[in-house]
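Notes for the one structure printed next.
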Amino acid sequence: MSAPATDRPPLSAECTLGQRPDYRDVHRMCNQTRDVPLPYSNGTVLLTRRCGCECHWRRGDAQ
């Protein structure tokens, strides 16, 4: 059973830390803006999940 479309993956380390007032600049360092599939897996197994940060989802990056 798949998760509802409104569920987002967890935040990356950079976006989590970037939520703190003294570390807002770290948020720009997040590079998990897309799902990265494992080679030869036809996209069914992910090597890296996309960050669940709202700004990455608003930007319209590929899912």
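First residue of the sequence shown? That's 12 in my numbering, and the numbers climb one at a time after it. C-beta: ideal position from N, C-alpha, C; glycine also.
So residue i and residue j are in contact, right, with Cβ under 8 Å, and what is the actual spacing, rounded?
i: CYS64; j: LEU22; result: 5 Å
Measure the alpha-carbon distance for residue i versus residue j and round it to whole angstroms.
i: LEU58; j: PRO32; result: 31 Å
i: ASP36; j: GLY54; result: 32 Å
i: ALA24; j: MET40; result: 10 Å
i: GLN30; j: VAL56; result: 29 Å
i: HIS38; j: CYS26; result: 5 Å
i: ASP18; j: PRO48; result: 19 Å
i: SER52; j: ASN42; result: 22 Å
i: MET12; j: PRO50; result: Bear in mind that the predicted position of MET12 carries a pLDDT of just 46, short of 50, making it unreliable; the figure below should be weighed with that in mind. Each residue's Cα considered, the two are about 24 Å apart.
Among the residues of its own chain, which have a CB less than 8 Å from the CB of residue i, if the five just before and after it don't count?
i: PRO20; result: ARG60, ARG61, CYS62 and GLY63
Could you confirm whether any beta carbon from chain D is found closer than 9 Å to the beta carbon of residue i?
i: GLY29; result: The chain inventory of the structure shown lacks chain D, comprising one protein chain alone.
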